[in-house]
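Take a look at the structure set out below.
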Amino acid sequence: MLDAKLRPLIDPPLNRIGHALASAGISANMLTFAGLVLGLSGAAAIAFGHVWAGLALIIANRISDGLDGAVARVKGPTDLGGYFDIVADFAFYVSIPLGFGVLAESNTLPALVLVASFVLTGVSFLAFAVIASNRGEETDAHGKKSFFYSTGLAEGTETIVIFIAMCVFPGWFAVLAYGYAALCVLTVIQRSALAIIQFSD
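Here the sequence shown stands for residues 1 to 201, numbered as in UniProt numbering.
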């Protein structure tokens, strides 16, 4: 919901750094995999009780994720890079709830519910992208991407805000997880309604 609105604010500084990194020979894929390592390390830190370290690694993951796109815009996006980027994103997204699930037994059920909602959201997102691509539809609301990005209530920005809130208030994990899972389900319903409107012939 907020991703497209934030792009005009975050893209200019990211693009400047992206130009410098590209000039130094750093590729978008290198940043994607570095970000994935940072994100998974954050989940592991949370699982072992180092929640504040986990938060720092989550933020580092998001910075790396923004920079890989900036470098890709300089060097030109590739299909392989787009594939690695989305796989790394979803691996990161599901790892953080799992980290909290390992941290405390009381977190297990809400973590599973949140991961399940992420799976549903991801499936709706990717299915929409495939059908939109088959129909030749395009959008630049989220910047230039390797495939069609459909807008939803729960997107990357909202997910990171929730992850930060979970790290700052770990005792509220269950409430935050259930609440965000509900928003993810609403996103699937919203995207499905949009598919009915957009894909009906």
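Note that the Cβ used here is the ideal one computed from N, Cα and C, for glycine as well.
Source: prediction; values computed, not measured.
Burial check for L14: the Cβ neighbour count within 10 Å reaches 16 or more, so the residue is buried. If only complete runs of 3 or more residues are kept, the region 32 to 73 shows no beta strand (DSSP E) anywhere.
A Cβ-Cβ distance of about 4 Å is found for the pair A43 and G99, placing them in contact under the 8 Å criterion. Rounded to whole angstroms, the separation of the alpha carbons of I17 and S192 is 37 Å.
Taking all protein chains shown into account, V130 has fewer than 16 neighbouring C-beta atoms within 10 Å of its C-beta and is therefore exposed.
Counting the other Cβ atoms within 10 Å of the Cβ of A154 gives 16 or more, which makes it buried. With a cutoff of 8 Å on beta-carbon distance, C184 and F128 are scored as not near each other.
Nearest in C-alpha terms to A72, of all of H19, T151 and S200, is H19. Pairing A47 with F173, the inter-Cα distance amounts to about 13 Å. For N134, the enclosing alpha helix (DSSP H) stretches over residues T108 to N134.
Counted as a single uninterrupted DSSP element, the alpha helix (DSSP H) harbouring E158 occupies residues G156 to V168.
About 3 Å separates the beta carbons of G35 and S64, which is inside the 8 Å limit, making them a contact pair.
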